[in-house]
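First the structure, in the form of structure tokens, and then the observations on it.
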Amino acid sequence: MLDNNIKFCREELEMTQDELGFIFGVSRKTVAGWENNHDTMPLPKLVKFSNLYQYSLDYITGLSRSNDNFKKVDKLDKKKIGLNLKELRMKLGLTQQQIADECMITQATYSGYETGKFLITSLALYTICYNHKLSIYSIIK
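If you count by the working numbering, then the sequence shown holds residues 1 to 141, one letter each, in order.
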């Protein structure tokens with residue numbers, strides 16, 4: 001994710017990478033990968049981070065420069081998220097292939113997101129929100 005604020009949030013919380021890794025059951029190296037954009041924090045972990053420390057998802061991912069729109073996410077419902085993705089795509093007048101191309105994934109993978117077969121990845125969600133100037137909350141609500 002471009003310009004993510006994971007490191008800034010962790011440092012503001014006065015936590016080490018080891019401590020954050022312990023909370024999420026991952027290694028310090030994995031946390032470093034998230035902070036340096038070598039890897040993407042999975043969406044369930046991103047939501048857990050947001051909920052635990054009250055940082056907005058848009059702020060953590062760099063979609064927003066301020067942390068003023070924190071909303072607690074109780075559950076990630078992949079079927080509901082899929083319906084929201086389909087509704088958004090239809091509203092934008094785009095095909096599944098066009099959205100898949102934006103996200104650099106296959107159309108079959110994107111279709112799996114829309115049908116609720118798979119939970120959308122943080123990176124694909126970020127890409128859609130970034131490209132269309134949306135809040136993550138508008139899709140995962």
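Heads up, the beta-carbon is just placed ideally off N, CA and C, and yes, glycines get one too. All values reported here derive from a predicted model rather than from experimental measurement.
Rounded to whole angstroms, what is the Cα-Cα separation between Y59 and V31? 17 Å
Is it a yes or a no for the stretch 83–90 touching the stretch 103–121, going by three-plus beta-carbon pairs under 8 Å? yes
Measuring alpha carbon to alpha carbon, tell me which of Y126, I140, K133 ends up nearest T40. Y126
Just to confirm, are N131 and T61 a CB contact at a threshold of 9 Å? no
What is the DSSP secondary structure of N5, reduced to helix, strand or coil? coil
Work out the CA separation of D74 and G21 for me, nearest whole Å. 22 Å
Residue nearest to L46 in terms of C-alpha spacing, selected from I6, I139, I128: I6
Using the Cβ count rule (16 or more neighbours within 10 Å means buried), how would you classify S56? buried
What are the boundary residues of the alpha helix (DSSP H) that includes R65? Premise fails: R65 is in no alpha helix (DSSP H) and is neither H nor E.
Considering only residues of the same chain and omitting the five flanking positions on each side of C103, which have a CB-CB separation below 6 Å? A124, T127
Going by alpha carbons, who is nearest to N36 out of R10, F24, E14? R10
Relative to the C-alpha of D77, which residue among L13, M15, L119 is closest? L119
Does L43 get closer than 9 Å to chain B when you measure Cβ to Cβ? In the structure shown, chain B cannot be found, because there is only a single protein chain.
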